[in-house]
Amino acid sequence: MIHTEIAIVGGGPAGLCAAIKAAESGAKVIVLDRNSQLGGQLIKQTHMFFGSQKQYASHRGIDIANILISKLEDYKDKITVMLDATVIGLYEDRVLTVDQGGKYIKIKPDTLIIATGASEKFQAFPNNDLPGIYGAGAVQTLMNVYGVAPGESVFMVGAGNIGLIVSYQLMQAGIKVKGVICRGPKFGGYAVHASKLRRLGVPVMPSHKVVYAHGKDKLERITLIKLDENKKEIPGTEFDIEVDVLCIATGLTPLAELLWQMGCEMKYISELSGHVPLRDKNLMTSLDGIYVAGDVAGIEEASSAMVEGSLAGLCAAKAAGHIHPDFEALVADCHKQLYDLRSGPEGEAIRKGLSKAELKEVGL
Amino acid sequence: MRIEQHPIITFNKGRKVQFTFDGKVYEGYEGEPIAAALHDAGIRVLGHTHKLGRPRGFYCAIGNCSSCLMVVNGKPNVRVCVEKLKEGMAVETQIGRGDIK
Ligand SMILES: Cc1cc2nc3c(=O)[nH]c(=O)nc-3n(C[C@H](O)[C@H](O)[C@H](O)COP(=O)(O)OP(=O)(O)OC[C@H]3O[C@@H](n4cnc5c(N)ncnc54)[C@H](O)[C@@H]3O)c2cc1C
Ligand code: FES
């Protein structure tokens, strides 16, 4: 059994920032990631990020990952990174079980930060299991990390930022995108991304959905239908498109299995895209010393994931007995950054969702 | 199919290695997921389900969904979207649940 002051599950933007702040506070940290490199979702993002300077806006996702990883190196004596290490169990006595390349390892941390990110949602239609129907993350991983084209022509389901950005990235890689659809009458992503696509001749079509996928062994063709303003099918408007890849980008949902397993209090909150742990303002769950940060606590963005990571890192370190010399000021700054990121009309749903996820202070 | 030219990314590929898929020899890059090498070779169907025999390809590519299970070096239920390619690997289509030999 390995003992450590803080264990962090997930080495995406949230986990990396948590590790940096916890080590800066003086705590001994182990970061675990099942991937063979750190960075989480960032390693597939070749586009410039939105947000403010503090969260590295106008940097490409891959570059932000590298900045964070090089910061981690400054704390080599404090931070141990375990890669290809999947946390498979998390028990009530706070023992973490890890599978690292077939080896079974047990870790007992004083405090724990869960930053496992999210998994992709799926769509229901006949033959949705045909090979050639892939999640947007899979398509991105294949083309941006390994340099393999997902297919000859792609059709995109989902016109939020992910759908629009991945479509553009496909075009950049020289792969034809035959169209992008979403159910609602308006696409959800930023207008800049949609206009970039339209300039390249890719139709962005709101009010459509896939009703059928065709193919013997693998996807050959899809049938689409038009929807009215209430997202009801308009009979007789079906049409077919020939494609070998259908990319599903209809959103993410928190990857919260470990929190369930441990017995954290969970709640379904649609604004946060699934079941999320209740947490206090410093991101501690209903279990003492167990913190969350990033998409696992509610689907948002890398910018907020990084700030949440820093906040959880500072607070978990404090709980483990290491108080950062600037603790008060840094925590206040994290709260302010989060407040700013979630302000305005775009942040409305998140604000509403978060207000439902608040853990009421229990009298101590 | 490999992406040969990209405006932003340069791909760091490992060394070229040979492996077999259902007995036939293919090439891929060492260290990439088996699924990437197979996909490059145009192979989309990785297995068939145990009840209805429906074809299975990968879906999430991050080891989450178990859609990509194959038999690798005789061992069934290997998630080939995360299992790294090595010289001389024997990769086989998995039919159903797979048998442990
Ligand atoms: C196409 C696309 C475009 C985006 N564009 C932007 C943008 O412009 N601006 C922006 O701010 N955000 C953007 N985002 C969102 C951003 O990438 C995510 O919100 C952010 O990565 C979430 O960070 P995270 O650390 O919570 O999770 P992740 O980055 O998902 O990291 C989680 C990590 O946990 C690991 N993990 C999970 N389970 C386990 C386990 N059991 N054991 C060990 N390790 C585990 C995973 O391997 C992963 O590395 C985009 C996302 C996508 C997909
Ligand atoms: S494709 Fe999901 S686990 Fe491999």
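So the sequence lines, in the order shown, correspond to chains A and B.
Just so you know, we're using the working numbering here: the first sequence kicks off at 1306 and counts up by one.
Just so you know, we're using the working numbering here: the second sequence kicks off at 8 and counts up by one.
For each residue, glycine too, the CB sits at the ideal point set by N, CA and C.
Report the neighbours of residue i on chain B: residues whose CB is nearer than 7 Å to its CB, in chain order.
i, result
"A:N1449", "I16"
"A:T1446", "A68 and I69"
"A:R1339", "G70"
Residue i: buried (16+ other C-beta within 10 angstroms of its C-beta) or exposed?
i, result
"A:F1544", "exposed"
"B:Y66", "buried"
"A:G1398", "For clarity, residue 1398 of chain A is Asp in the given sequence; the question names Gly instead. A:D1398 comes out exposed."
"A:L1612", "Going by the sequence as given, residue 1612 of chain A is Val instead of Leu. It counts as buried."
"A:K1326", "buried"
"A:A1464", "buried"
"A:Q1474", "buried"
"B:L59", "exposed"
"A:G1317", "buried"
"A:L1505", "exposed"
"A:D1379", "exposed"
"A:Q1350", "buried"
"B:A107", "According to the sequence as given, residue 107 of chain B is Ile; it is not Ala. B:I107 is exposed by the Cβ-count criterion."
"A:D1382", "exposed"
"A:T1590", "buried"
"A:N1449", "buried"
"A:G1452", "buried"
"A:A1518", "buried"
"A:G1668", "Summary for A:G1668: the model assigns pLDDT 46, below 50, so the residue's position carries little reliability, and this model does not support an answer."
"B:Y36", "buried"
"A:I1372", "exposed"
Find the residues of chain B that neighbour residue i, judging by a C-beta separation of less than 9 Å, and give them in chain order.
i, result
"A:A1454", "M8, R9, I10, H46 and D47"
"A:Y1439", "G64, F65, Y66, C67 and A68"
"A:S1424", "C67, I69, N71 and C72"
Strictly below 8 Å CB to CB, what residues from chain B border residue i?
i, result
"A:A1443", "F65, Y66, C67, A68, I69 and C88"
"A:Q1477", "H13, P14 and I15"
"A:T1351", "I15 and I16"
Give me the chain A residues within the contact set of residue i, using Cβ-Cβ distance strictly less than 9 Å, ordered along the chain.
i, result
"B:A97", "The premise fails here: B:A97 is roughly 18 Å from chain A at the closest Cβ pair, so nothing lies under 9 Å."
Can you tell which of the options has its C-alpha closest to the C-alpha of residue i?
i, options, result
"A:E1576", "A:I1628, A:L1588, A:E1534 and A:A1654", "A:A1654"
"B:G38", "B:G21, B:K31 and B:G30", "B:G21"
"A:M1567", "A:E1329, A:Q1360 and A:I1393", "A:I1393"
"A:H1627", "A:G1331, A:T1309 and A:I1313", "A:G1331"
"B:H57", "B:G35, B:P83 and B:A68", "B:P83"
"B:N71", "A:E1663, A:T1391 and A:D1379", "A:T1391"
"A:I1497", "A:E1606, A:V1548 and A:F1354", "A small correction: the amino acid at residue 1497 of chain A is Val; Ile does not occupy that position in the sequence shown. Nearest option by C-alpha distance: A:F1354."
"A:I1311", "A:Y1361, A:V1386, A:K1359 and A:I1367", "A:V1386"
"A:E1457", "A:V1450, A:N1466, A:V1444 and A:I1467", "A:V1444"
"A:L1592", "A:A1607, A:G1614 and A:L1563", "A:L1563"
"A:L1340", "A:N1371, A:G1452 and A:T1421", "It is Asn, not Leu, that sits at residue 1340 of chain A in the sequence shown. Among A:N1371, A:G1452 and A:T1421, the Cα nearest to that of A:N1340 is on A:T1421."
"A:V1636", "A:L1619, A:D1645, A:G1649 and A:E1651", "A:L1619"
"A:I1595", "A:K1376, A:I1372 and A:P1414", "A:P1414"
"A:E1405", "A:E1538, A:F1430, A:G1614 and A:V1336", "Checking the sequence, you will find Gln at residue 1405 of chain A rather than Glu. Selected option, being the one with the closest Cα: A:V1336."
"A:K1359", "A:F1492, A:G1315 and A:L1646", "A:L1646"
Under 7 Å, do residue i and residue j count as touching if we go by C-beta distance?
i, j, result
"A:G1442", "A:F1460", "no"
"B:A42", "B:V87", "yes"
"A:I1307", "A:I1412", "yes"
"B:I50", "A:A1454", "no"
"A:I1553", "A:I1527", "no"
"A:I1512", "A:P1540", "The question names Ile, yet the displayed sequence has Ser at residue 1512 of chain A. Cβ atoms of A:S1512 and A:P1540: not closer than 7 Å."
"A:A1323", "A:I1419", "no"
"A:Q1642", "B:P14", "no"
"A:D1522", "B:V52", "yes"
"A:A1598", "A:A1617", "yes"
"A:I1374", "A:L1395", "no"
"A:A1625", "A:T1416", "yes"
"A:V1516", "A:I1486", "no"
"A:L1388", "A:G1366", "no"
"B:G7", "B:L76", "The first residue shown for chain B is 8 and the last is 108, placing residue 7 of chain B beyond what the model contains."
"A:K1661", "A:T1555", "no"
"A:T1446", "B:A68", "yes"
"A:A1503", "A:L1532", "This sequence places Arg at residue 1503 of chain A; Ala is not what is there. The answer is no: Cβ separation not under 7 Å."
Which bits of chain A does residue i rub up against, with CB to CB less than 7 Å?
i, result
"B:V52", "P1436, D1522 and K1523"
"B:E39", "Y1451"
Which residues in chain A have a C-beta closer than 8 Å to the C-beta of residue i? List them in chain order.
i, result
"B:R61", "D1434"
**Request:** Answer yes if the region 1555-1571 of chain A comes into contact with the region 1592-1602 of chain A, meaning at least three C-beta pairs across the two stretches below 8 Å, and no otherwise.
**Result:** By the Cβ test, the region 1592-1602 of chain A is in contact with the region 1555-1571 of chain A, since at least three Cβ pairs between them sit closer than 8 Å.
**Asked** Taking three-plus beta-carbon pairs below 8 Å as touching, is the region 1428-1445 of chain A in contact with the region 1328-1345 of chain A?
**Response** Touching, no.
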